[in-house]
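Asker:
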Amino acid sequence: MHFYLHSIFVHMPWWLTVIIVAYALNAVAAVIDKVLLSKAIGNPAVYAFYIALLSMLGWVLAPFGVHIPQAGEFWLDIVAGVIFTFALLFLFKGLKHGESSRITPFVGALSPVFVWFFSYWFLPERLATGDLWALALLVAGSLILIERSKKSSGSGSGFLAASVSALLFCVSYTLTKYNFNHQPFVSAFVWMRLGAFVGGILLLLNAKNRKDILHTTHSAAKNTGWFLFGQVVGAGSFVLVNYAISLANVSLVNALQGIQYLFLLLIIWVISFFKPALLHESMKGRALLR
Numbered sequence: 003m004h005f006y007l008h009s010i011f012v013h014m015p016w017w018l019t020v021i022i023v024a025y026a027l028n029a030v031a032a033v034i035d036k037v038l039l040s041k042a043i044g045n046p047a048v049y050a051f052y053i054a055l056l057s058m059l060g061w062v063l064a065p066f067g068v069h070i071p072q073a074g075e076f077w078l079d080i081v082a083g084v085i086f087t088f089a090l091l092f093l094f095k096g097l098k099h100g101e102s103s104r105i106t107p108f109v110g111a112l113s114p115v116f117v118w119f120f121s122y123w124f125l126p127e128r129l130a131t132g133d134l135w136a137l138a139l140l141v142a143g144s145l146i147l148i149e150r151s152k153k154s155s156g157s158g159s160g161f162l163a164a165s166v167s168a169l170l171f172c173v174s175y176t177l178t179k180y181n182f183n184h185q186p187f188v189s190a191f192v193w194m195r196l197g198a199f200v201g202g203i204l205l206l207l208n209a210k211n212r213k214d215i216l217h218t219t220h221s222a223a224k225n226t227g228w229f230l231f232g233q234v235v236g237a238g239s240f241v242l243v244n245y246a247i248s249l250a251n252v253s254l255v256n257a258l259q260g261i262q263y264l265f266l267l268l269i270i271w272v273i274s275f276f277k278p279a280l281l282h283e284s285m286k287g288r289a290l291l292r
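Structural data, given as structure tokens:
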């Protein structure tokens, strides 16, 4: 048994190892996001803004290979980053109105289909027949984890926001892969973090967002430690996902989000068992089985 497991890990593609670790970290970040959005931060734009602000920390990698891109490359980097920030905004809106164990898999089930479509037409990437079947099975596995709850009055708006998020993530990931194909990894990554920051600044154009962002509530302030911890974990996940995208087919990387949901369900189950008041998630009986 030990030899068999050792053989699996030895022959596992490096990008697959990277993405498994990335999605495990992202599951932790997703749970923290849900708790803070439900308990401490009322406006999802506030959460998206501070994540966009922290994205500038990506510039610590600048000494390791950043260069001045051509005008066309620069604008593609910026656009990819801006779209990513707005994808996060709609994801957080979905999480605020729905359960993370349903909203997150819903986004993950739609995104690979969108990414495959866009990468087919705009990137020189083609999946073999076996890979297409694998993509279909991974998406189907994600869909199995989804149960639309009619008991929650906010579930409809949550899934609508999640659908917009999935589409925006798809565009962002496709542009990200294009940028990595035409620019060094570190350079493209750093400039796209600038784009994410620009997206955060654009959120300030809305008067309500500006008021909420500039006047942080006491509840949000006292949860700063958890917020920063979640962002450190999420940032680690984000860097690893981008690295995996630079190494492998973006459609397969995105489709493997089903791994994240296994970690997500495990974390939510543990929290629901020990701290049921922390998350309003249905993790018993039929809900857990599905």
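My numbering puts the first residue of the sequence shown at 3, with every later residue one more than the last.
Just so you know, even glycine gets a beta-carbon here, dropped at the ideal spot from N, CA and C.
Ordered along the chain, which non-local residues of its own chain (more than five positions away) have a Cβ less than 7 Å from that of G160?
Answerer: Numbered from its first residue, the sequence shown carries residue 160 at position 158. So the list reads G96, H99, G100, I105, once near-sequence residues are dropped.
Asker: Fully enclosed by the stretch 32 to 117, which alpha helix (DSSP H) runs are 4 residues long or longer?
Answerer: 46 to 56, 73 to 99
Asker: For a quick check, are the C-beta atoms of G260 and G83 less than 8 Å apart?
Answerer: Translated into the one-based positions of the sequence shown, residue 260 becomes position 258. Translated into the one-based positions of the sequence shown, residue 83 becomes position 81. In this structure, G83 does not lie closer than 8 Å to G260 by Cβ.
Asker: Looking at the structure shown, is N251 part of a helix, part of a strand, or coil, going by DSSP?
Answerer: Along the sequence shown, read from residue 1 onward, the residue named residue 251 stands at position 249. Reduced to three states, the DSSP call for N251 is coil.
Asker: For the stretch 187 to 196 against the stretch 55 to 73, do three or more pairs of beta-carbon atoms, one drawn from each stretch, fall closer than 8 Å, so that the two count as touching?
Answerer: The stretch 187 to 196, when compared against the stretch 55 to 73, does touch it at the 8 Å Cβ threshold.
Asker: Tell me which same chain residues have a C-beta within less than 6 Å of the C-beta of I85, skipping the five on either side of it?
Answerer: Position 83 of the sequence shown, counted from the first residue, corresponds to residue 85. For I85, where only same-chain residues beyond five positions count, the Cβ hits under 6 Å are L170, V173, S174.
Asker: Alpha carbon to alpha carbon, how far is V1 from K213?
Answerer: The first residue shown for the chain is 3 and the last is 292, placing residue 1 beyond what the model contains.
Asker: Under a three-way DSSP split, which group does N208 fall into?
Answerer: Within the sequence shown, numbered from 1, the residue matching residue 208 stands at position 206. In this structure, N208 counts as coil in the three-state DSSP scheme.
Asker: Determine the direct distance from the alpha carbon of A50 to that of T226, and round the result to whole angstroms.
Answerer: Reading the sequence shown from its first residue, position 224 is the one you call residue 226. Reading the sequence shown from its first residue, position 48 is the one you call residue 50. One C-alpha to the other measures close to 14 Å.
Asker: By how many angstroms is the C-alpha of A47 removed from the C-alpha of L206?
Answerer: In the sequence shown, counting from the first residue as 1, residue 206 sits at position 204. In the sequence shown, counting from the first residue as 1, residue 47 sits at position 45. Taking the straight line joining both Cα atoms gives about 9 Å.
Asker: For the 8 Å Cβ check, are there 3 or more pairs between the stretch 180 to 192 and the stretch 109 to 116?
Answerer: no
Asker: Tell me whether Q259 sits in a helix, a strand or coil according to DSSP, three-state version.
Answerer: Counting from 1 along the sequence shown, the entry for residue 259 is found at position 257. Three-state result, Q259: coil.
Asker: I'd like to check one pair, I53 with Q233: are the Cβ atoms closer than 8 Å?
Answerer: Locating residue 233 in the sequence shown gives position 231, counting from the first residue. Locating residue 53 in the sequence shown gives position 51, counting from the first residue. Result yes, Cβ atoms of Q233 and I53 sit closer than 8 Å.
Asker: With a Cβ-Cβ cutoff of 8 Å, do I269 and V33 count as a contact?
Answerer: Counted from its first residue, the sequence shown places residue 269 at position 267. Counted from its first residue, the sequence shown places residue 33 at position 31. Yes, the Cβ-Cβ distance between I269 and V33 is below 8 Å.
Asker: What does a CB cutoff of less than 8 Å around P15 pick up in its chain, not counting 5 residues either side in sequence?
Answerer: For the purposes of this step, residue 15 is identified with residue 13 of the sequence shown, where counting begins at 1. If we look at P15 and ignore the five residues flanking it on each side, its Cβ neighbours are A250.
Asker: Can you tell me whether G74 is buried or exposed? The criterion is at least 16 other CB atoms within 10 Å of its CB, across all chains shown.
Answerer: To locate residue 74, count along the sequence shown from 1; it is residue 72. Flag for G74 reads exposed.
Asker: Quick one: what's got a C-beta closer than 7 Å to V166's C-beta in the same chain, skipping five residues either side?
Answerer: Position 164 of the sequence shown, counted from the first residue, corresponds to residue 166. Result list for V166: F92, in chain order.
Asker: Given this structure, state the Cα-to-Cα distance separating V235 from T176, to the nearest angstrom.
Answerer: Position 233 of the sequence shown, counted from the first residue, corresponds to residue 235. Position 174 of the sequence shown, counted from the first residue, corresponds to residue 176. Roughly 23 Å separates the two Cα atoms.
Asker: Leaving out the 5 sequence neighbours to the left and right, which residues in its chain are closer than 7 Å to F88 when beta-carbon positions are compared?
Answerer: Here residue 88 refers to the residue found at position 86 of the sequence shown. Cβ within range, chain order: L170, G201.
Asker: Excluding the 5 residues flanking G238 on each side, which residues of the same chain have their C-beta closer than 6 Å to its C-beta?
Answerer: As a position in the sequence shown, residue 238 is number 236, starting the count at 1. So the list reads L27, once near-sequence residues are dropped.
Asker: With H, G and I counted as helix, E and B as strand and the rest as coil, what does DSSP make of H217?
Answerer: Position 215 of the sequence shown, counting from 1, holds the residue named residue 217. Three-state DSSP puts H217 in coil, outside helix and strand.
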